[in-house]
Structure formats: structure tokens, C-alpha cells
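Enquirer: Residue numbers (the working numbering): 49 to 299. Dropping the structure in here first, questions after.
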């Protein structure tokens, strides 16, 4: 339990250390390249979880997973700010954030089915789970690299009149907020950008949400094992989770 808890927590260390640098790089190299990089490297490292052989490799993969994922959520929010005026941004952001609970609802029964693939091609069910979840991230990351457009002015698929309108709207909005620019990190966090909401407020909410949601998700299996719930005919869930997940970490 201590190995698993430390491994779950070290993910957030990598995420925290590299979140700001990741978004600075995104601004420099463009959203298409960097978001594609995040998705592909996250998928590869997530799939590497299937081949951990002990506590040290578990810690290393979890830390690297946090580094790879760092900046994805705020990077998407930054990308949306390139395309959607402020009056439309809240609804678009809410739609993006709705993807997390929807994917959980759809992915949970799939994950349960993958855990039943224990023994196929010499791999345990939990290994199939990590390998399978890596595939969409890598494939969609390549799709992002080849098809995502960095900014409206580069969108060849937009009609000229719509492109000109959107570019003009975003330029007007940028001009209104340009006077609030700050080159100090502390002042930047406290700056409300002209809309009355400091950057630190949503940033703090996001990190608290990540910590609470991640803790709930990461330790749900441990709680189920401790309480002894959700048994199935044949082998109880306690034994299945111990054999497939916890025992390999102790080796």
C-alpha cells in the first residue's frame, strides 16, 4: 500500500514541476506540435506501466507520466483562448471538461473487460489495460500533429470572411487586455486580466480538483480491497486485484 501510495503521489510532483514550463514551450512552438507531443509521450509512458517490474520502475514511470501530462489541461485552455472570444469561452471550456466524466463512464466497463484478459499472449489483465489505453492517445496525438491548426489566421479550411471576422475579434480582445500584461510571476498570478478573476484562483481550483479527483481515483481500488466489497462469483475482487496489481509491485 505504501509503494502504491507513493507512486500515485509522485505523479503530481512531475506534473507540478513541469506544468508552467510546458505551457511556455507551447506558446513558443505552437499548440499543434506541443499538444501532439503531450499526447504521444503520455500514451507511450502510460503503456510502459504494463512492463514495470518493481517499486523503482513504478516510481520512475509514474513521475515521467506526470512530466509528460504536465501542461495539457492549461495548454488546451490557452489554445481555446486563441479561437474563441471571451463571451463564448466558458461554454467551450465546460464542454471540454465534460469529456473527463464522460470518458470515465464509458471507459470503466471497458477497463473491467480488459482485466478479464488475464493470460492472453502471456500478459496479465492489468497489463492489457495499460497497453490498450495508450493506443488512442498515441493515434489521436498523430492526428493532432497533422490536422490541428495553431491559430485562426492559419486556418485554410475557414472561409475568408469568417477567418477575417474571427482574427479581428481576437485582435480587439487582445488589445483590450494587453495593458494588463505583467512580467512578474507573482504579479501575473494576482493579475485579474481585466475581468476581475485572478489567475491564481482558477489555477488553485484546478490543482485542488486534480488532487481530490486523482486521490479518489488512484485509491479507489485500495478502499474496495479494505472494505471487501464488490465480490463476484468465483474469485473475489480482493484476490483478483491483489494478484494482478499489487503482487507485481512487491516483486
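Even glycine gets a Cβ: it sits at the ideal position worked out from N, Cα and C. Note that the coordinates shown come from a computational prediction; the quantities given were computed from them, not determined experimentally.
Helix, strand or coil: which one does DSSP assign to residue 206?
Expert: Three-state result, residue 206: coil.
Enquirer: Between the C-alpha atoms of residue 187 and residue 88, what's the straight-line distance to the nearest angstrom?
Expert: Going by the C-alpha atoms only, they are around 8 Å apart.
Enquirer: Can you tell me which of the three DSSP states residue 52 falls into?
Expert: DSSP places residue 52 in helix when its eight states are reduced to three.
Enquirer: Assuming the contact rule is C-beta atoms closer than 8 Å, residue 119 and residue 86 should be a hit. Round their C-beta distance to whole Å, please.
Expert: With a Cβ gap of about 7 Å, residue 119 and residue 86 count as contacting.
Enquirer: Do residue 98 and residue 179 have their beta-carbon atoms positioned less than 8 Å apart in this structure?
Expert: A contact, by the Cβ cut-off of 8 Å.
Enquirer: Determine the DSSP secondary structure at residue 271, reduced to helix, strand or coil.
Expert: Note that residue 271 has pLDDT 43, beneath the 50 cutoff, so the model's placement of it is unreliable and the number below is only indicative. Reduced to three states, the DSSP call for residue 271 is helix.
Enquirer: If you reduce the DSSP assignment to three classes, tell me which class residue 196 lands in.
Expert: In the structure shown, residue 196 sits in coil (DSSP, three-state: anything other than H, G, I, E or B).
Enquirer: Compute the distance between the beta-carbons of residue 65 and residue 93, then report whether it is under 8 Å.
Expert: Not closer than 8 Å, so no.
Enquirer: Beta carbon of residue 111, beta carbon of residue 144: below 8 Å?
Expert: Not closer than 8 Å, so no.
Enquirer: Would you check if the distance between the CB atom of residue 149 and the CB atom of residue 218 is smaller than 8 Å?
Expert: No. Outside cutoff.
Enquirer: Put residue 133 into one of helix, strand or coil per three-state DSSP.
Expert: Note: residue 133 maps to coil in three-state DSSP.
Enquirer: What does the alpha-carbon distance come out to for the pair residue 122 and residue 71?
Expert: Taking the straight line from one Cα to the other gives about 7 Å.
Enquirer: Excluding the five sequence neighbours on either side, which residues of its own chain have a C-beta within less than 8 Å of the C-beta of residue 211, listed in chain order?
Expert: Correct list, in chain order: 200, 201 and 203.
Enquirer: Within this structure, are the beta carbons of residue 190 and residue 176 separated by less than 8 Å?
Expert: Result no, Cβ atoms of residue 190 and residue 176 do not sit closer than 8 Å.
Enquirer: Quick one: what does DSSP say residue 277 is sitting in, helix, strand or coil?
Expert: Residue confidence for residue 277 is low, a pLDDT of 45 falling below 50, so the modelled location carries little weight; the figure read from the coordinates is stated next. If DSSP states are grouped into helix, strand and coil, residue 277 belongs with coil.
Enquirer: Less than 6 Å between C-beta atoms, sequence neighbours within five positions excluded: which residues of the same chain meet that for residue 96?
Expert: Counting only Cβ-Cβ distances below 6 Å, and skipping sequence neighbours, we find 109.
Enquirer: Buried or exposed, going by whether 16 or more other CB atoms sit within 10 Å of the CB of residue 84?
Expert: Classification of residue 84: buried, given that the 10 Å Cβ count is 16 or more.
Enquirer: For the alpha helix (DSSP H) holding residue 87, just list the boundary residues, first then last.
Expert: Unbroken alpha helix (DSSP H) run through residue 87: 79-96.
Enquirer: Find the nearest neighbour of residue 75 within the set 207, 117, 140 and 125, judged by alpha-carbon distance.
Expert: Taking only the C-alpha atoms, the option nearest residue 75 is 125.
Enquirer: Give the secondary structure of residue 245 by DSSP, where H, G and I count as helix, E and B as strand, and everything else as coil.
Expert: Because the pLDDT at residue 245 is just 43, under 50, the model does not fix this residue reliably, and the point stays unresolved.
Enquirer: If you reduce the DSSP assignment to three classes, tell me which class residue 187 lands in.
Expert: DSSP places residue 187 in helix when its eight states are reduced to three.
Enquirer: Using three-state DSSP, classify residue 173 as helix, strand or coil.
Expert: Here residue 173 sits in helix by DSSP.
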